[in-house]
Amino acid sequence: MEKIIGGIKHECYPLTPAQMVHMYTLMFSPSDEVVNIGTGQFFKTEFNVSVLREALNRAVERCESMRMRIWREPETNQLWQYVVPYKNQYFEYYDFSALTEEKAHSILERWTSQPFDTYGGELSRIVIVSMPDGYNGYYLNVHHACADSYSVVTFTKDVLELYCHLLYGLPEPAPLTSYIESVKKDLEYPETKKAKRDEEFWHKKLAQPEPIYTDFTGPGRLIQMRKAKGNPELRWSMLPTKDSAGATVTYGLSVESTDKILDFAEKYNIPASVVILHAIRTVLAKFNNENDVTIRDFISRRSTLLNKKCGGVRMHCLPLRTIIDPSATVLESMEIINKEQQDVFLHADYSTMKYYYEERIRYNADPGATYFSVSFTYQPATRKSLIPYLKDIPFKSRWYSSGRQPQPFYITAMHRPGDGGLNFYFGYQKESATPEEIEFLYYFVGRVLFRSIENPDKTIKEIMDMV
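Right under this line is the structure:
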């Protein structure tokens, strides 16, 4: 639909359900930086700043979602999105090489806490940076309504491949796909037969007996909620979210350890995400002495070439509920999780906000009630996806906190573009978790993960006893 914005005619589209999740977050946050995604990509090599600047410009030109704007119509308050024409930018360069690493990162964290003008302003900022110890690269801060972690990785890969093309003559990367075409398909979804099938699937899930809350610190929160409500049978709880003040903690796996996970996944034809999810749900089961575990699974919905390379935010977050007896073997557990996750993926176009509203009504739960304590997303990669010229160069990828977090507690497992090793990013609201609790959880998840792939025929109980 054509709209006149600032005296200029733009083709506008409503926001998608995935975007509306973040606009809903903005409504209840005391400040707008809660939806910022700050990242740094740094290689231990000399970068040609002018070539990197050109690569960044070409990447922005190729990626429609990096040029997306949001407009609130004054008469109706309805939200619209549109893409502005490409305009060449002079990305600033900052030399932090003489600083300590801690000081340099603190500056980038402070930049991430600077909110965007959501309604009409630019929704991203890119700066070229020299870091301490010979690392160089760029910093990106982007609004969550126009990017998710998958599209940040896609954009990063495009920048680095364009850089290598311009400087070293490597092949030019294939063009990205159209973000607007992806938006159009999302907006057509409610009238499709698939929408009806998805609704039937999730309504069948809601017809099942009520789930039970399993906390990443053990049963304490559920026990406290039961006491507060005077109901010893209560099955939902809440993570405190009065203040969205938050932070991130990052742990990195070596390439060798990452390869063990990928080799196991390939050998048994099991997605790497399932191998990791098995470890997380096993730890939650152990901590809570509970076989019924729900994890909120973030799904990128990028099964087609259009969606894989269009950028934007396509993340829906829906429950992955599994009931697994401790007598099941590791492989049996993974098969159950894999089957459930495939079903969730198949029906992941269903609106996140609609599902959780229906869940609350179905089980007569209070607003804000939840059955999960952990949200999880995995960004897949293959060994072939690494950039040949950069694969042997030391690399650091950093995700920065804006000082606010949109969710109480989530884990993102993501492959580093340089060497392919896995990084685990823990985002958390300070009211909901502490760095010590996260370290404790990560330790046990790692123990269960590697004991499981070393002993796939042992039972869950035997794995629990090992750790």
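Under the numbering used here, the very last position in the sequence shown is 1509; numbers go up by exactly one each time. In this text, a Cβ means the ideal position worked out from N, Cα and C, and glycines have one as well. All values reported here derive from a predicted model rather than from experimental measurement.
Whole-number beta carbon distance between T1394 and L1362, since they are thought to touch under 8 Å = Counting from 1 along the sequence shown, the entry for residue 1362 is found at position 320. Counting from 1 along the sequence shown, the entry for residue 1394 is found at position 352. Not quite, the Cβ-Cβ distance comes to about 13 Å (not below 8 Å), so this is no contact.
task = Quick one: residues in its chain with C-beta nearer than 6 Å to the C-beta of F1243, no 5 flanking neighbours on either side, listed in chain order?
result = Taking the sequence shown and counting its residues from 1, one reaches residue 1243 at position 201. H1389, listed in sequence order.
query = Whose C-beta lies closer than 8 Å to the C-beta of E1143 among residues of the same chain, with five residues either side of it excluded?
reply = Against the sequence shown, residue 1143 aligns to sequence position 101. The answer, listed in chain order, is M1173, P1174, D1175.
ask   = Since P1450 and T1336 are thought to touch, with beta carbons under 8 Å apart, how far apart are those beta carbons, to the nearest angstrom?
value = Taking the first residue of the sequence shown as position 1, residue 1450 is located at position 408. Taking the first residue of the sequence shown as position 1, residue 1336 is located at position 294. At roughly 14 Å, the Cβ-Cβ gap does not stay under 8 Å, so P1450 and T1336 are not in contact.
key: Environment of K1438 [buried if 16+ CB atoms lie within 10 Å]   = Numbered from 1 along the sequence shown, position 396 holds the residue referred to as residue 1438. By the neighbour-count rule (16 or more Cβ atoms within 10 Å), K1438 is buried.
query = Whose C-beta lies closer than 7 Å to the C-beta of S1220 among residues of the same chain, with five residues either side of it excluded?
reply = As a working mapping, residue 1220 is identified with position 178 in the sequence shown. Answer for S1220: E1106, C1352, listed in chain order.
key: DSSP three-state assignment for N1078, whether helix, strand or coil   = Reading the sequence shown from its first residue, position 36 is the one you call residue 1078. N1078: strand per DSSP, three-state reduction.
ask   = When the Cα atoms are used, what is the spatial distance from A1237 to V1316?
value = As a position in the sequence shown, residue 1237 is number 195, starting the count at 1. As a position in the sequence shown, residue 1316 is number 274, starting the count at 1. Whole-angstrom Cα-Cα distance: 26 Å.
message = By the DSSP assignment, the beta strand (DSSP E) with E1332 in it spans what residues?
response = Position 290 of the sequence shown, counted from the start, is the residue given in the question as residue 1332. Element bounds for E1332: n/a, residue is neither H nor E.
query = By the 10 Å Cβ neighbour count, where 16 or more other Cβ atoms means buried, how is P1448 classified, buried or exposed?
reply = Working through the sequence shown from its first residue, we reach residue 1448 at position 406. Residue environment: P1448 is assigned as buried (16 or more neighbouring CB atoms within 10 Å of its CB, all protein chains considered).
task = Please report how far the alpha carbon of L1150 lies from the alpha carbon of I1365, in whole angstroms.
result = Taking the sequence shown and counting its residues from 1, the one referred to as residue 1150 is at position 108. Taking the sequence shown and counting its residues from 1, the one referred to as residue 1365 is at position 323. Annotation: L1150 to I1365 spans about 42 Å, alpha carbon to alpha carbon.
task = Would you kindly work out how many angstroms separate the C-alpha atoms of P1261 and P1127, rounded to a whole number?
result = Position 219 of the sequence shown, counting from 1, holds the residue named residue 1261. Position 85 of the sequence shown, counting from 1, holds the residue named residue 1127. If I take the Cα positions, the gap works out to 53 Å.
query = Do you know whose CA, among N1311, Y1420, M1110, R1493, lies nearest A1041's CA?
reply = Since the first residue shown for the chain is 1043 and the last is 1509, residue 1041 is missing from the structure and cannot be characterised.
query = Does DSSP put S1417 in a helix, a strand or coil?
reply = Taking the first residue of the sequence shown as position 1, residue 1417 is located at position 375. The answer is strand: DSSP assigns S1417 an E or B state.
inquiry  = With DSSP as the reference, identify every bridge partner of T1336, one or two as the case may be.
reply    = As a working note, residue 1336 is residue 294 in the sequence shown. In DSSP, T1336 forms a bridge with R1363.
ask   = Roughly how many angstroms lie between the CA atoms of I1480 and F1418, to the nearest whole one?
value = Sequence index remark: in the sequence shown, residue 1480 carries index 438 (1-based). Sequence index remark: in the sequence shown, residue 1418 carries index 376 (1-based). I1480 and F1418 have their C-alpha atoms roughly 14 Å apart.
request  = May I have a chain-ordered list of the beta strand (DSSP E) segments no shorter than 3 residues that lie completely inside the stretch 1066-1129?
outcome  = 1078-1085, 1110-1114, 1121-1125
ask   = Can E1356 and A1060 be called in contact, C-beta distance under 9 Å?
value = As a position in the sequence shown, residue 1356 is number 314, starting the count at 1. As a position in the sequence shown, residue 1060 is number 18, starting the count at 1. Going by the sequence as given, residue 1356 is Arg instead of Glu. For R1356 and A1060, yes; Cβs fall inside 9 Å.
task = Taking K1396 as the reference, give the member of V1416, V1509, E1241, L1141 with the closest Cα.
result = Working through the sequence shown from its first residue, we reach residue 1396 at position 354. It is E1241 whose Cα lies nearest to the Cα of K1396.
query = Is S1444 near S1155, with beta carbons less than 9 Å apart?
reply = Taking the first residue of the sequence shown as 1, we reach residue 1444 at position 402. Taking the first residue of the sequence shown as 1, we reach residue 1155 at position 113. Going by C-beta atoms, S1444 is nearer than 9 Å to S1155.
ask   = Apart from the five residues just before and just after F1084, which ones in its own chain have a Cβ nearer than 6 Å to its Cβ?
value = Sequence index remark: in the sequence shown, residue 1084 carries index 42 (1-based). Result list for F1084: M1173, Y1177, G1179, K1438, in chain order.
query = What residues are listed by DSSP as bridge partners for M1456?
reply = Here the question's residue 1456 lines up with position 414 in the sequence shown. Partner(s): Q1421, N1465.
Residues near V1325 in its chain [Cβ-Cβ closer than 7 Å; skip 5 each side] = Taking the sequence shown and counting its residues from 1, one reaches residue 1325 at position 283. Cβ neighbours of V1325 beyond the five flanking positions: L1483, F1486, V1487, V1490.
inquiry  = Does the contact criterion of 3 or more C-beta pairs under 8 Å hold for the stretch 1084-1093 versus the stretch 1379-1386?
reply    = no
inquiry  = Between which two residues does the alpha helix (DSSP H) holding D1200 run?
reply    = Residue mapping note: residue 1200 aligns to position 158 of the sequence shown, counting from 1. That run of the alpha helix (DSSP H) goes 1191-1210.
request  = Take R1318 and list the residues in its own chain whose beta-carbon comes closer than 6 Å to its own, dropping the five residues that flank it on each side.
outcome  = In the sequence shown, the residue the question calls residue 1318 occupies position 276. Sequence check: residue 1318 is Ile here, not Arg. Hits under 6 Å: A1455.
ask   = So M1506 and K1328 are in contact, right, with Cβ under 8 Å, and what is the actual spacing, rounded?
value = Against the sequence shown, residue 1506 aligns to sequence position 464. Against the sequence shown, residue 1328 aligns to sequence position 286. About 5 Å; that satisfies the 8 Å criterion.
ask   = For I1312, which option in L1464, P1253, K1381, R1404 has the closest C-alpha, if you only look at C-alpha atoms?
value = Taking the sequence shown and counting its residues from 1, the one referred to as residue 1312 is at position 270. For I1312, the nearest C-alpha among the options comes from K1381.
ask   = Secondary structure at K1145, three-state DSSP: helix, strand or coil?
value = On the sequence shown, position 103 is the one that residue 1145 refers to. Helix, per DSSP.
message = So if DSSP puts N1183 in a beta bridge, which residue, or which two residues, is it bridged to?
response = Start at 1 with the first residue of the sequence shown, and residue 1183 comes out as number 141. G1080, R1167.
DSSP-derived helix/strand/coil call for R1446 = Residue mapping note: residue 1446 aligns to position 404 of the sequence shown, counting from 1. Note: R1446 maps to strand in three-state DSSP.
request  = Check whether the stretch 1259-1275 touches the stretch 1339-1351, counting contact only when three or more Cβ pairs, one atom from each stretch, lie closer than 8 Å.
outcome  = For the pair of segments examined, the stretch 1259-1275 was found not to touch the stretch 1339-1351: the number of CB pairs separated by less than 8 Å stays below three.
inquiry  = Nearest by alpha-carbon distance to Y1310: which of P1498, N1119, G1463 is it?
reply    = Reading the sequence shown from its first residue, position 268 is the one you call residue 1310. Measuring from the Cα of Y1310, the nearest candidate turns out to be P1498.
query = Within this structure, are the beta carbons of C1501 and A1370 separated by less than 9 Å?
reply = Position 459 of the sequence shown holds residue 1501. Position 328 of the sequence shown holds residue 1370. The residue asked about is misnamed: residue 1501 is Thr in this sequence, not Cys. Going by C-beta atoms, T1501 is nearer than 9 Å to A1370.
message = Am I right that D1228 and T1118 are in contact with their C-beta atoms under 8 Å? What's the rounded C-beta distance?
response = On the sequence shown, residue 1228 is found 186 positions in, with the first residue counted as 1. On the sequence shown, residue 1118 is found 76 positions in, with the first residue counted as 1. Actually they do not touch by this definition, with Cβ atoms about 21 Å apart.
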